[in-house]
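At the far end of the sequence shown sits residue 465, using this note's numbering, and the numbering has no gaps.
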Amino acid sequence: MNFGGLLSIARSGLAASQAQISTTSQNVTNAQTPGYSRQRVLLVPNYPERLPQGTFGTGVLVDGVERMRNELLDAGFRRDTQSAAFNEERRDALQAVENVLGEPSETGLASSLEQFWSSWSDLSTNPDSSAARGVVRQRGAQVAAQLNAYGNQIADAQTVARTRLLETAERVNALSAQVADINARIVAAEAAGNDAPDMRDQRDLKADELASLIGGNAYPQANGSVSITVGGDTIVDGANFKTVRVQSLVSDPTKLGIALGALPAGGGATETMYQIGGQLSGALDAYNNVYPTALSQLDGVASALVAATNTVHRNGFIGATAAGDFFDASRTTARTIRLDGTIVANVQNVAASGIANESGDNAVALALSRLRDATTTVNGQTASISEGYRTVVSGIATSVNSASGTATAARTLATQSDTRRESIKGVSIDEEMVNLMKYQQSYAAAAKLIAVVDELSLTLLGMVR
């Protein structure tokens, strides 16, 4: 091998070391960059030179830059992340309901119901008292106002959930469009023989967020692109993507579902399109199930209260006239319950007597005070009204505890998955510094080889002269 061949080997060593130093610098600089994957230079021996004396190496080639990723770990992370996002969204919705009720509390509905029953008991001991009637009316109005407030707050939370659904769907569409665009750029770059590790990192970061928002996973394709599927449907395929829309369900317009791509006949989402995951699925569950169920249960309490109170109150008398309703019989939901107009207009319309023209009789007031413990039907169960409400509160508390435990466990799994993934893709500054020292030594050795070849050349020239 001549001096030119030796110089070529040395130059290839310099180029390889420069590439390694450059890549190490890139790793160190992006150690804290979200989504960045550690890179390493792929080196292969150059084609050997065959001479009569034998076969001699001709140096080293830089074969490309490799991202340190593991597709199985990526898939596991996305699976665990979407589960955590769903369970956290559901937990937050249940906690919102629990916070609305705020039980146990001295100012909660349970306490107000107790005060309502007690006010009837007080009236029964002094059935001719206008002041006692005023307290009954005030306590009844307080119970109605609290049910109104609870119902409206839960309905407002459901409205917020709908807004969150729409915003999340918009974000999903934006991410899908970005992944499709990056797919096209990666395919073009790699078809031209260029590496695209940074673009792949950007795409994977967006695929991670998509998994958290709507579930699914990314599947690598031979041309360098990825396809992303959700619930058996592909939302990103190469440079193409499907839009996600929040629509009323065909089977139940009061509920929402997710429509992918073109809408079916009728313009609504079908049940099969509901098969998504992540935050969007949790928000759907909150809108379709958590809030309506809580509101329905409060409506059950309000309805039972109106029916039981009015049934007894109508047995009473105001002088010689039969008493009417205490609560407005046409308003039996938590959001609409209110005192009957006759009670609001005149406190004397609060009945205490069960006998006409018997001013000292307390039969109706006493019977109403006993509704504290009397059983009726509340949300399909036989219980007193107060008991029925406590069942609602305890049921929500149980659901919150269960959802919190599930959400914590799911987030722990997601964190563990991220840790495993980071052990492959993450940058260790200490490791990079050790590598940098090795590459510096390799560079110095290649430079030394050039100096040696130069010195040998000068020696040979001197001998010729």
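The beta-carbon is built from N, C-alpha and C at its ideal position, and this holds for glycine as well.
Item                                                                                                         : Value
Best match in Q202, D156 and E114 for proximity to D181 [C-alpha to C-alpha]                                 : Q202
Exposure of E88, with buried meaning 16 or more beta-carbon neighbours within 10 Å                           : buried
The segment 93-110 contacting the segment 324-341, beta-carbon criterion three pairs below 8 Å               : no
Residue range of the beta strand (DSSP E) that includes T382                                                 : Q381 to A383
Limits of the alpha helix (DSSP H) - the one that I154 falls within                                          : S130 to A191
Through-space distance from N99 to A169, alpha-carbon basis                                                  : 27 Å
Cβ pair I396, V97 closer than 8 Å                                                                            : yes
Closest residue to A177 among V453, I235 and G35 (Cα-Cα distance)                                            : I235
Nearest candidate by alpha-carbon position, reference W120, set R90, V306 and R372                           : R372
Exposure label - Y36; buried when at least 16 CB within 10 Å                                                 : buried
CA-to-CA distance, Y287 to V393, given in whole angstroms                                                    : 19 Å
Helix, strand or coil at T229 according to DSSP, with G and I counted as helix                               : strand
Cβ neighbour criterion (16 or more within 10 Å) applied to L51                                               : exposed
Cβ contact check for the segment 349-361 and the segment 380-391: 3 or more pairs under 8 Å                  : no
Run of the beta strand (DSSP E) containing Y219, from where it starts to where it stops                      : N217 to P220
Contact belief for V65 with Q39 at Cβ below 8 Å, rounded distance in angstroms                               : 5 Å
Boundaries (first-last residue) of the alpha helix (DSSP H) holding T125                                     : L109 to T125
Three-state class that DSSP yields for F77 in the structure shown                                            : helix
Sheet register partners of E476 (DSSP bridge)                                                                : As displayed, the chain neither begins before 1 nor continues past 465, which places residue 476 out of reach and without an answer.
Cβ-Cβ distance between L175 and L147 below 8 Å                                                               : no
Sequence-distant residues of the same chain with beta carbon closer than 8 Å to S303, five excluded per side : T332 and T333
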